[in-house]
Every structure is written in C-alpha cells, then in structure tokens.
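*Asks:* Residue numbers (my numbering): 214 to 518.
Once you've had a glance at the structure underneath, I'll fire off some questions.
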Amino acid sequence: MKLVSKVAALAAVSMIALNATAAVAEEISEFRIGILGGENASDRLRAYSCLEEKTADLLGVPVKLFAPADYNGVIEGLLGGNLDMAWLGASGYAKVYITDPEAVDPVLVKVNVDGGYGYYSIGFARNDAEINSLADMKGKVFGFGDPNSTSGYLIPSIAIPQEGYSMEPGDYFGDVKFTGGHEQTIVAVSNGDIDAGVTWADGLGEWEDGYNSGALRKASDAGLVDMTELREIWRSPVIPEGPIVLSKKLPEDVKIKMTALMASLNSMDPECAYGVAAGETKGFMPITHEAYVNIVEARKAKNKN
C-alpha cells in the first residue's frame with residue numbers, strides 16, 4: 214500500500230477543509246460521535262473531549278459524544294441513524310455492513326508506528342499463574358470481551374479452535390466467560406478473577422509499556438495494571454485495524470471536513486490523537502471496504518454456526 218502517496222493526497226484535502234471557515238453547516242444541526250465500549254465511560258469521554266471541541270469548531274454545530282456500555286450500542290446507533298461517526302473494530306464494521314451495506318462508509322484506519330495497520334488479539338495471564346501458553350489452560354477460565362469485538366472474541370473464537378482447543382465451556386477450558394470489554398478483561402486477569410483473557414494491541418514496542426497502542430497500553434497508562442505482573446500466552450494472526458466510519462447520510466462537505474480533521478489530528482494535536490487512538494501511532498490513513506471483506510466473510514460464517 215502506497216502510504217506516502219495516500220497521505221500526501223489526503224493532506225491536500227486536509228488543507229482545503231481545515232482552512233475553510235467554520236460556518237454553520239446548513240444541512241446538519243448537530244454531529245454525534247459514538248465511542249466503543251471497552252473501558253469505563255468517563256475515561257472514554259475524557260479521551261474524546263478534545264475531538265469534541267475540534268469538531269464543533271470545524272462544523273459550527275453542537276457535538277455530542279455517546280459512550281454506550283457495549284459495542285452493540287454504537288453499532289445500533291449507526292444503523293438507526295442516531296450516530297454520525299465512530300471508530301469501529303473490524304468485526305463491528307462487518308456487523309454494520311452485513312445488516313445494512315448503505316449505513317456507513319469506512320474512511321480512515323489507524324496507522325501503527327511501523328507504517329502498517331494490523332494488530333493482534335493478545336492472550337495473557339498473570340506471571341504467578343504458571344500459564345505460559347494455551348497448553349497450560351486446561352480446566353482454567355478464559356475471558357473474552359464483547360461478542361462484537363474483533364480481537365476480544367471473533368478472531369480468537371476462530372483461531373483458538375484451529376489450534377486444537379475447543380471454545381465450548383468445559384471441553385478444554387474450565388469455562389469461557391464474557392467480561393463485557395477489554396478493560397474489564399485486563400482487570401479481571403490482573404485481579405485473579407479469571408485465569409487468562411484476550412485483548413488487543415499493536416504488538417509493537419515493549420510489553421512492559423503495554424506495547425505502543427491498544428487496550429493494554431491504555432490500562433497501563435491509567436495505572437490499572439502493572440504489565441510486569443502479566444505475560445503474553447497467545448497471539449492471533451494479524452488483524453486489520455477497524456475503520457473510522459461516517460454515516461452515508463451526511464452531507465458531502467461534512468464528510469470531507471471530518472475525514473480531513475481525523476487525518477490531520479496526529480500532526481495537529483499529538484496529545485489528542487494519543488487519547489483517541491489509544492496510544493502511539495502515525496495517525497490515520499485512507500481505507501475502503503475492500504480491506505474488510507475477509508472479516509465480513511468470517512462474521513457471516515460465525516453467524517451461521
């Protein structure tokens with residue numbers, strides 16, 4: 214993927230859109246941003262408060278942030294026309310697309326510090342649990358996040374059985390539980406409430422930092438966990454990072470302005486971008502539906518089972 218040329222092209226759009234006056238958009242009266250679950254609502258709203266302010270300045274209309282308790286709240290908000298923008302996981306996007314292909318457009322994807330846009334589902338346990346791999350998990354409790362999470366459920370629910378470990382509770386694992394989100398899984402493992410769990414990370418940088426970006430990095434930054442007390446026990450195949458999506462019903466000028474704002478966020482306000490992107494990144498680059506065809510097919514196959 215020619216990242217440089219795409220970013221350069223988008224930068225041109227950014228210059229046009231961001232230099233435009235913040236006149237009140239005639240066709241919208243407000244702009245509504247959904248924030249996926251995975252950590253407590255107050256932290257999510259705090260991380261996005263800078264984006265809320267920048268969006269209001271750019272569009273000239275009130276901006277509302279919505280932080281539902283689970284992924285499905287954002288998904289249903291997009292499908293019902295009650296949200297205008299969200300950063301979805303790949304599986305969440307697949308659910309939206311399968312339900313209504315005309316609901317949203319994927320426009321941007323987070324770029325890792327190495328220039329790629331892949332990430333991983335990471336299995337982890339406490340150091341003192343004497344669990345080094347899935348081979349040590351027989352009869353133990355494995356935690357997963359949200360049923361609509363790509364890394365927190367969809368991909369591990371396919372990849373782990375392919376490695377010979379049944380996901381049916383009691384077959385191999387003593388139990389398989391949903392915790393409700395990434396943060397909940399991390400805290401549950403750290404507290405010893407479950408033996409191991411899965412969450413998401415870019416897999417770059419140092420384990421002790423929670424990698425460069427992802428749920429482990431956010432939990433480490435927030436002081437929720439000491440990463441030196443945890444260890445990685447499993448890693449999925451690479452997963453395409455989920456897209457920032459915009460409602461297809463939005464006026465074209467609003468779509469252009471919001472795409473440009475998000476594409477420029479990392480260079481314009483690195484601190485704001487760090488909070489929104491859950492860690493260190495190179496920002497956001499253009500993406501299309503074609504990047505998620507395999508995830509859509511995986512979700513369809515999962516729905517049939």
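Ideal Cβ positions, reconstructed from N, Cα and C, are used throughout, including at glycine.
The model shown is predicted, which means the values in this text are computed figures rather than measured ones.
(1) What does a CB cutoff of less than 7 Å around Ala-236 pick up in its chain, not counting 5 residues either side in sequence?
(2) Taking just the CA atoms, how far does Gly-488 sit from Gly-250?
(3) Relative to the alpha-carbon of Ile-368, which residue among Ala-491, Glu-289, Gly-305 has its alpha-carbon at the smallest distance?
(4) Counting only the same chain and skipping the five closest in sequence on each side, list residues whose C-beta sits under 8 Å from that of Leu-258.
(5) Run through DSSP, which three-state label would Val-324 get?
(6) For Ala-435, does the three-state DSSP call read helix, strand or coil?
(7) Is the Cβ-Cβ distance between Leu-347 and Tyr-366 less than 7 Å?
(8) Around the Cβ of Lys-431, are there at least 16 other Cβ atoms within 10 angstroms (buried) or fewer (exposed)?
(9) Considering only the alpha carbon of each residue, which of Pro-374, Gly-405, Ile-469, Ile-399 lies closest to Ser-449?
(10) Measuring straight from C-alpha to C-alpha, what distance separates Tyr-437 and Gly-455?
(11) Can you tell me whether DSSP reads Glu-343 as helix, strand or coil?
(12) How would you call Thr-501, buried or exposed, if buried means at least 16 neighbouring beta carbons within 10 angstroms?
(13) Going by the beta-carbon positions, is the gap between Thr-392 and Gly-352 smaller than 7 Å?
(14) Rounded to a whole number of angstroms, what is the C-alpha to C-alpha distance between Val-400 and Ser-370?
(15) To the nearest angstrom, how far is the alpha carbon of Gly-294 from that of Leu-301?
(16) With contact counted as at least three CB pairs below 8 Å, one residue from each stretch, are the stretch 491 to 510 and the stretch 420 to 431 in contact?
(17) On the DSSP letters alone, give me the boundaries of the alpha helix (DSSP H) that Ser-262 sits inside.
(18) If you check the beta carbons only, do Pro-453 and Ala-414 fall under 7 Å apart?
(19) Contact check, Tyr-333 vs Ser-364 under 8 Å by CB: the rounded distance?
(20) Locate the alpha helix (DSSP H) running through Glu-484, then write down its first and last residues.
(21) Report yes if the C-beta distance between Asn-285 and Arg-444 is below 7 Å; otherwise report no.
(22) What span of residues does the alpha helix (DSSP H) with Ala-316 cover, start to end?
(23) Quick one: residues in its chain with C-beta nearer than 7 Å to the C-beta of Ala-514, no 5 flanking neighbours on either side, listed in chain order?
*Replies:* With the given structure in hand:
(1) As a working mapping, residue 236 is identified with position 23 in the sequence shown. Model confidence at Ala-236 stands at a pLDDT of 40, short of 50, so the residue's coordinates are unreliable; what they give is reported in the following sentence. Within the same chain, Ala-236 has close Cβ partners Gly-273.
(2) Taking the sequence shown and counting its residues from 1, the one referred to as residue 250 is at position 37. Taking the sequence shown and counting its residues from 1, the one referred to as residue 488 is at position 275. Counting only the Cα atoms, Gly-488 lies some 15 Å from Gly-250.
(3) Against the sequence shown, residue 368 aligns to sequence position 155. Taking each of Ala-491, Glu-289, Gly-305 in turn and checking the Cα distance to Ile-368, the smallest one comes out for Gly-305.
(4) Walking along the sequence shown from the start, residue 258 turns up at place 45. The answer, listed in chain order, is Ile-248, Leu-278, Ala-280.
(5) Taking the sequence shown and counting its residues from 1, the one referred to as residue 324 is at position 111. Of the three classes helix, strand and coil, the one that applies to Val-324 here is strand, per DSSP.
(6) In the sequence shown, the residue the question calls residue 435 occupies position 222. Ala-435 carries a coil assignment under DSSP once its states are collapsed to helix, strand and coil.
(7) The sequence position of residue 347 within the sequence shown is 134, counting from 1. The sequence position of residue 366 within the sequence shown is 153, counting from 1. Result no, Cβ atoms of Leu-347 and Tyr-366 do not sit closer than 7 Å.
(8) By one-based count along the sequence shown, residue 431 stands at place 218. Buried: at least 16 other Cβ atoms inside 10 Å.
(9) Position 236 of the sequence shown, counting from 1, holds the residue named residue 449. Distance check between Ser-449 and each of Pro-374, Gly-405, Ile-469, Ile-399 places Pro-374 closest, using alpha-carbon atoms only.
(10) As a working note, residue 437 is residue 224 in the sequence shown. As a working note, residue 455 is residue 242 in the sequence shown. A small fix is needed here, since residue 437 is Leu in this sequence, not Tyr. Approximately 25 Å between the Cα atoms of the pair.
(11) Here residue 343 corresponds to residue number 130 of the sequence shown, with the count starting at 1. Residue state, collapsed to three classes: coil.
(12) Here the question's residue 501 lines up with position 288 in the sequence shown. Within a 10 Å sphere around the beta-carbon of Thr-501 sit fewer than 16 other beta-carbons, which makes this residue exposed.
(13) Counting from 1 along the sequence shown, the entry for residue 392 is found at position 179. Counting from 1 along the sequence shown, the entry for residue 352 is found at position 139. Not in contact: Thr-392 and Gly-352 (Cβ atoms no closer than 7 Å).
(14) Within the sequence shown, numbered from 1, the residue matching residue 400 stands at position 187. Within the sequence shown, numbered from 1, the residue matching residue 370 stands at position 157. Roughly 21 Å separates the two Cα atoms.
(15) The sequence position of residue 294 within the sequence shown is 81, counting from 1. The sequence position of residue 301 within the sequence shown is 88, counting from 1. Straight-line Cα distance between these residues: approximately 15 Å.
(16) By the criterion of at least three beta-carbon pairs nearer than 8 Å, the stretch 491 to 510 is in contact with the stretch 420 to 431.
(17) To locate residue 262, count along the sequence shown from 1; it is residue 49. According to the DSSP assignment, Ser-262 belongs to the alpha helix (DSSP H) that extends over 254 to 272.
(18) Indexing the sequence shown from 1 puts residue 453 at position 240. Indexing the sequence shown from 1 puts residue 414 at position 201. Against a cut-off of 7 Å, the Cβ pair of Ala-414 and Pro-453 comes out as no contact.
(19) Here residue 333 refers to the residue found at position 120 when the sequence shown is read from its first residue. Here residue 364 refers to the residue found at position 151 when the sequence shown is read from its first residue. In this structure Tyr-333 touches Ser-364 by the C-beta definition: roughly 7 Å separates them, less than 8 Å.
(20) As a position in the sequence shown, residue 484 is number 271, starting the count at 1. Run containing Glu-484: 483 to 489, per the alpha helix (DSSP H) assignment.
(21) Here the question's residue 285 lines up with position 72 in the sequence shown. Here the question's residue 444 lines up with position 231 in the sequence shown. For the pair Asn-285 and Arg-444, the CB atoms are not nearer than the 7 Å cut-off.
(22) One-based indexing of the sequence shown puts residue 316 at position 103. Premise fails: Ala-316 is in no alpha helix (DSSP H) and is neither H nor E.
(23) Within the sequence shown, the letter at position 301 stands for residue 514. Contacts found: none.
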